[in-house]
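If you want this note's numbering, it's the 1-based position in the sequence shown plus 204. Notes follow the structure.
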Amino acid sequence: MTRQSIFITGAASGIGKATALQFHARGWFVGATDVDAQGLSKLADELNHDCFTAELDVTDKTAFDAVMADFSVLTDHRLNILFNNAGIAVFGFLDEVPFEKVIATVNVNLIGVLNGIHAGIELLKQTPNALCFTTSSSAASFGTPGMAAYGATKVAVKGLTEAMSVELARFGARAADVSPGIIDTPLWQNGERFVRGEHRPIRNLPELNRDRTDAGRTVSASAVAESVWAAYQGDRLHWYVPPEVVERDRAKALDPERLRDELIAQQKK
Ligand code: NAI
Numbered sequence: 205m206t207r208q209s210i211f212i213t214g215a216a217s218g219i220g221k222a223t224a225l226q227f228h229a230r231g232w233f234v235g236a237t238d239v240d241a242q243g244l245s246k247l248a249d250e251l252n253h254d255c256f257t258a259e260l261d262v263t264d265k266t267a268f269d270a271v272m273a274d275f276s277v278l279t280d281h282r283l284n285i286l287f288n289n290a291g292i293a294v295f296g297f298l299d300e301v302p303f304e305k306v307i308a309t310v311n312v313n314l315i316g317v318l319n320g321i322h323a324g325i326e327l328l329k330q331t332p333n334a335l336c337f338t339t340s341s342s343a344a345s346f347g348t349p350g351m352a353a354y355g356a357t358k359v360a361v362k363g364l365t366e367a368m369s370v371e372l373a374r375f376g377a378r379a380a381d382v383s384p385g386i387i388d389t390p391l392w393q394n395g396e397r398f399v400r401g402e403h404r405p406i407r408n409l410p411e412l413n414r415d416r417t418d419a420g421r422t423v424s425a426s427a428v429a430e431s432v433w434a435a436y437q438g439d440r441l442h443w444y445v446p447p448e449v450v451e452r453d454r455a456k457a458l459d460p461e462r463l464r465d466e467l468i469a470q471q472k473k
């Protein structure tokens, strides 16, 4: 196959779907995977069935390997971008969230990414200038209270990117990630929040932040998809959408105790 290809997890919705649509519009061959079969079927319709789709739970390594093998037959064993994007969010203080939800978050957001890298790495090695790209989060800038496990997985993703960017250089391949801020996707309706172990409605931050103009403003999923494209053309390790999200990373690096104390003070209000 002469077309460039991208393999996306969590492609049935939000950022993954926006990325699938954009890359397809640019002529790329899209491998779209998700646990949501109905969402994938809708996406396939939107792409005129000019794509590969497969129901895939990223936590299942055996299934991941099998789906990647099916995809690779269609791309002559090439993969220009592996986009490990699937993620779930669980909100609530760590001691108030059911432990199985904590582990599920780690399984999807971190183990799922490791599964993806392991399943796709041979294809990346065989493809000149390939990119291993992952969705981190602004929740990784400073470990996020009320999303401790989620934030931890997203910090881990950034560490993985850094290590892989060096390891993959042995094969002429690259690694990068994106830290989105508040993105208008179904994650905010589908995420779970717990208070003292009880389910509570989640605060719909994209709705609440619509009038903000700072780093916490509401941004579209397609803006994050643009960063995947920019990363493929560029050389940066960490991308931020909107770009001001990087400022919190910098503030943390300069004075983590100050940031901690500000957050403790806010919590007491
Ligand atoms: P979304 O909920 O619209 O899309 C996530 C997709 O992942 C869904 O289609 C869902 O079915 C799929 N998924 C969930 N568990 C899965 C599993 N085990 N295996 C395969 N697919 C699975 O949410 P969104 O916002 O597009 O999320 C994409 C990524 O962006 C996630 O990693 C999320 O943590 C991250 N992110 C989102 C932000 C936001 O404000 N929406 C901000 C920062 C990061």
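Where a beta carbon is used, it is the ideal one built from N, C-alpha and C, also for glycine.
Residue burial classification, residue i (beta-carbon count within 10 angstroms, cutoff 16)
i              : result
leucine 458    : exposed
aspartate 254  : exposed
asparagine 284 : buried
proline 446    : buried
threonine 266  : exposed
histidine 403  : exposed
isoleucine 321 : buried
aspartate 280  : exposed
valine 482     : Since the displayed the chain opens at 205 and closes at 473, residue 482 lies outside it and no answer follows.
valine 277     : exposed
asparagine 289 : buried
proline 384    : buried
threonine 206  : exposed
aspartate 465  : exposed
aspartate 240  : buried
isoleucine 307 : exposed
isoleucine 292 : buried
glycine 363    : exposed
Any non-hydrogen atom of the ligand NAI closer than 8 Å to residue i Cβ
i              : result
leucine 409    : yes
isoleucine 292 : yes
lysine 472     : no
serine 340     : yes
serine 245     : no
lysine 362     : no
aspartate 238  : yes
valine 428     : yes
aspartate 280  : no
glycine 324    : no
serine 219     : Per the sequence shown, residue 219 should be read as isoleucine rather than serine. Correct: isoleucine 219 has its Cβ closer than 8 Å to the ligand NAI.
proline 384    : yes
Closer than 8 Å: residue i CB and nearest the ligand ZN heavy atom
i              : result
tryptophan 392 : The ligand content of the structure shown is limited to the ligand NAI, which means the ligand ZN is not among them.
Cross-strand partners of residue i (DSSP beta bridge)
i              : result
arginine 397   : Phe295, Arg404
tryptophan 443 : Val382
asparagine 288 : Thr338
valine 234     : Ile210
threonine 422  : Ile386
threonine 257  : Ala236
Legend entry - the stretch 346 to 354 contacting the stretch 295 to 302, beta-carbon criterion three pairs below 8 Å: Yes: the two stretches touch, three or more of their Cβ pairs being nearer than 8 Å.
Legend entry - Cβ pair count under 8 Å reaching 3, the stretch 244 to 261 against the stretch 413 to 427: Under the 8 Å Cβ criterion, the stretch 244 to 261 does not count as touching the stretch 413 to 427, having fewer than three qualifying pairs.
Inset, instruction - Report yes or no: do three or more beta-carbon pairs, one from the stretch 356 to 370 and one from the stretch 437 to 457, lie closer than 8 Å? - result: The stretch 356 to 370 is in contact with the stretch 437 to 457.
Legend entry - the stretch 333 to 343 in contact with the stretch 389 to 402 per 3-pair CB rule at 8 Å: Note that the stretch 333 to 343 does not touch the stretch 389 to 402; fewer than 3 beta-carbon pairs, one per stretch, sit closer than 8 Å.
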